[in-house]
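**Q** Got a structure for you, questions after.
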Amino acid sequence: MKQISFIVTKAAKTGNTISDRHVVTLELFDGSKAMIEVIQISYLKDNKIYEIHELSRILHGKDALQKLKLID
Numbered sequence: 006m007k008q009i010s011f012i013v014t015k016a017a018k019t020g021n022t023i024s025d026r027h028v029v030t031l032e033l034f035d036g037s038k039a040m041i042e043v044i045q046i047s048y049l050k051d052n053k054i055y056e057i058h059e060l061s062r063i064l065h066g067k068d069a070l071q072k073l074k075l076i077d
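Taking our numbering, I'd label the letters of the sequence shown as residues 6 to 77.
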């Protein structure tokens, strides 16, 4: 992998729960790219994350992810 970056597009905190939506962009050395949307819910305990739930979907670049063996 040549580069990986992410942008947080939405975030919220309520009590000990942090929720966010972020978009991850991957670029391979051959120039192919993929973009993944991630919805994450994190639970805090003593100001540290102790549990995370994530749901992700491919926005584009399924071929690039197959090259990385991240999906079938």
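For each residue, glycine too, the CB sits at the ideal point set by N, CA and C.
Residue 7 by DSSP, collapsed to three states: which one?
**A** In the structure shown, residue 7 sits in coil (DSSP, three-state: anything other than H, G, I, E or B).
**Q** Let me confirm a value: residue 69 is counted as buried when at least 16 other C-beta atoms fall within 10 Å, else exposed. Which label applies?
**A** The residue is buried, with at least 16 neighbouring Cβ atoms inside 10 Å.
**Q** Going by DSSP in three states, residue 18 sits in which element: helix, strand or coil?
**A** If DSSP states are grouped into helix, strand and coil, residue 18 belongs with the strands.
**Q** Look at the alpha carbon of residue 57 and the alpha carbon of residue 67, and state the distance between them as a whole number of angstroms.
**A** Approximately 25 Å between the Cα atoms of the pair.
**Q** Report the three-state DSSP secondary structure of residue 67 (helix, strand or coil).
**A** In the structure shown, residue 67 sits in a helix (DSSP, three-state: H, G or I).
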